[in-house]
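Trainee: This is the structure I have questions about; it appears just below.
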Amino acid sequence: MSLASTGTKRRAATGALTVRDLTVSFPTATGSVDVVSHLDLDLQPGGALGIVGESGSGKSLTSLAIMGLLPPKATRAGTVMLGTDQLTSMSEAQLRRVRGDRVAMIFQDPLSSLNPYYTVGAQIEEAYRSHRRGVTRRKAHQVAVEAMERVHIKDAARRVDHYPHQFSGGMRQRVMIAMALATEPELLIADEPTTALDVTVQAQILALLQEIRRETGTSLILITHDLAVVSEVTDHIVVMRSGVCVERGPVEAIFSDPQHPYTQGLLDAVPRIDDVIGDLRSLSPTGDHR
Ligand SMILES: Nc1ncnc2c1ncn2[C@@H]1O[C@H](COP(=O)(O)OP(=O)(O)O)[C@@H](O)[C@H]1O
Ligand SMILES: [Mg+2]
Numbered sequence: 491m492s493l494a495s496t497g498t499k500r501r502a503a504t505g506a507l508t509v510r511d512l513t514v515s516f517p518t519a520t521g522s523v524d525v526v527s528h529l530d531l532d533l534q535p536g537g538a539l540g541i542v543g544e545s546g547s548g549k550s551l552t553s554l555a556i557m558g559l560l561p562p563k564a565t566r567a568g569t570v571m572l573g574t575d576q577l578t579s580m581s582e583a584q585l586r587r588v589r590g591d592r593v594a595m596i597f598q599d600p601l602s603s604l605n606p607y608y609t610v611g612a613q614i615e616e617a618y619r620s621h622r623r624g625v626t627r628r629k630a631h632q633v634a635v636e637a638m639e640r641v642h643i644k645d646a647a648r649r650v651d652h653y654p655h656q657f658s659g660g661m662r663q664r665v666m667i668a669m670a671l672a673t674e675p676e677l678l679i680a681d682e683p684t685t686a687l688d689v690t691v692q693a694q695i696l697a698l699l700q701e702i703r704r705e706t707g708t709s710l711i712l713i714t715h716d717l718a719v720v721s722e723v724t725d726h727i728v729v730m731r732s733g734v735c736v737e738r739g740p741v742e743a744i745f746s747d748p749q750h751p752y753t754q755g756l757l758d759a760v761p762r763i764d765d766v767i768g769d770l771r772s773l774s775p776t777g778d779h780r
């Protein structure tokens, strides 16, 4: 089945994200500390942005701030626009409708996001039905099977009735992606989605994200500490360090001519970049990699 068969019209001109002057702070004994500081992000409809930086640089808090999911102690300043809608002025009830419907997230550890006591199908159906009031169980089940087919889980009609522990780590991440895609979001935010996976499976998941982008037009924010991960999947990169953007630009420019020593350091930590790109090319279903 083609990813393009459903819902592409609604998304055609959507999925744009504009973040301006985003600051996230935590109170400490000695005063407030900014863990994200005056950050601007721009994502075009259907675009893919990589946010890269070492652990603790503020990547996850940036994505949580975008979604309105910061811890209670944190304070946020700045604006977040999804298309023409300002998320930063929405009520919690309005934000709940945006989350999981117009914007979906996937995380590093699919096991902690899946309930071990329910089949994966039941969980995809629940995620779908919570945003599509009044759909029948039969329709939700059909959506779950189709979503699993889209992420290339073989024998989806049978596997939909299996429990999370019956899937490998890579397959569980596919289930999470299937769940995220069921509502046809405008924007998918993936926070370290491949960090827990071995290199081969990592390359397969990245190829899948690339395919989804191409076929659905969903915009993507890919967050990672690993520059190799963003190199083939995103068009633009923002490099973060201690909550501040130190460098931004098209992927090719950052790779060929990094301006900031910190970016150079991240590049030096990517010894197998050519191998990873080679893996992605050989795994790509169409071989189309610009
Ligand atoms: N609940 C919290 N209270 C105080 N500081 C926090 C909290 N959560 C995260 N931080 C701090 O914010 C910084 C950025 O965290 P995070 O966005 O998770 O980084 P990254 O995802 O880039 O690894 C880190 O230095 C972390 O210690
Ligand atoms: Mg993080």
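Going from the sequence shown to our numbering is simple: count from 1 and add 490.
Positions of the beta carbon are idealized from the N, C-alpha and C atoms, including for glycine.
Predicted, not measured: the structure shown is a model, and the values here were computed from it.
(1) For the putative contact between Ala564 and Thr673, defined by C-beta atoms under 8 Å, what is the C-beta separation to the nearest angstrom?
(2) Compute every distance between the C-beta of Phe516 and the non-hydrogen atoms of ligand 1, then say whether any falls below 7 Å.
(3) So, at 7 Å on beta carbons, what are the nonlocal neighbours of Pro740 in its own chain, with the 5 sequence-adjacent residues on each side left out?
(4) Quick check: is any heavy atom of ligand 3 less than 7 Å from the C-beta of Ser547?
(5) Hey, quick one: how far does the alpha helix (DSSP H) through Met557 stretch, first residue to last?
(6) Please classify Tyr607 as buried or exposed, where buried requires at least 16 neighbouring CB atoms within 10 angstroms.
(7) Would DSSP call Ala567 helix, strand or coil?
(8) For Pro517, list the residues DSSP reports as bridge partners.
(9) Out of Val728, Ala637, Met666, which one is the CA nearest neighbour of Ser453?
(10) Do the region 564-575 and the region 506-518 touch if we need at least three Cβ pairs shorter than 8 Å?
(11) Tell me, please, which residues DSSP counts as bridged to Arg731.
(12) Does Ser527 come out as helix, strand or coil in the three-state DSSP assignment?
(13) According to DSSP, is Asp758 part of a helix, a strand, or is it coil?
(14) Could you spell out where the beta strand (DSSP E) holding Val625 opens and where it closes?
(15) Checking the sheet assignment: what are the DSSP bridge partners for Asp532?
(16) Given this structure, state the Cα-to-Cα distance separating Val736 from Gln700, to the nearest angstrom.
(17) Among Glu639, Arg648, Val610, Ala617, which residue has its Cα nearest to the Cα of Pro675?
(18) Check whether the Cβ of Gly543 sits closer than 7 Å to any heavy atom of ligand 1, and report yes or no.
(19) Short check: CB of Arg731 to CB of Tyr752, under 8 Å?
(20) Note down the Cα distance separating Leu757 from Thr714, rounded to an integer number of angstroms.
(21) Hey, quick one: how far does the alpha helix (DSSP H) through Val542 stretch, first residue to last?
(22) Roughly how many angstroms lie between the CA atoms of Val625 and Arg648, to the nearest whole one?
Mentor: If we stick to the structure as given:
(1) About 27 Å; that fails the 8 Å criterion.
(2) yes
(3) Asp725, His726
(4) For the structure depicted, ligand 3 is absent and the ligand set comprises only ligand 1 and ligand 2.
(5) 549-557
(6) exposed
(7) strand
(8) Ser522
(9) Nothing about residue 453 can be reported from this structure: the residues present for the chain run from 491 to 780 only.
(10) yes
(11) Val734
(12) strand
(13) helix
(14) Looking at the DSSP string, Val625 is not in any beta strand (DSSP E), and its letter there is neither H nor E.
(15) Thr508
(16) 26 Å
(17) Ala617
(18) yes
(19) yes
(20) 13 Å
(21) From DSSP, Val542 is part of no alpha helix (DSSP H) but of the beta strand (DSSP E) over 538-542.
(22) 22 Å
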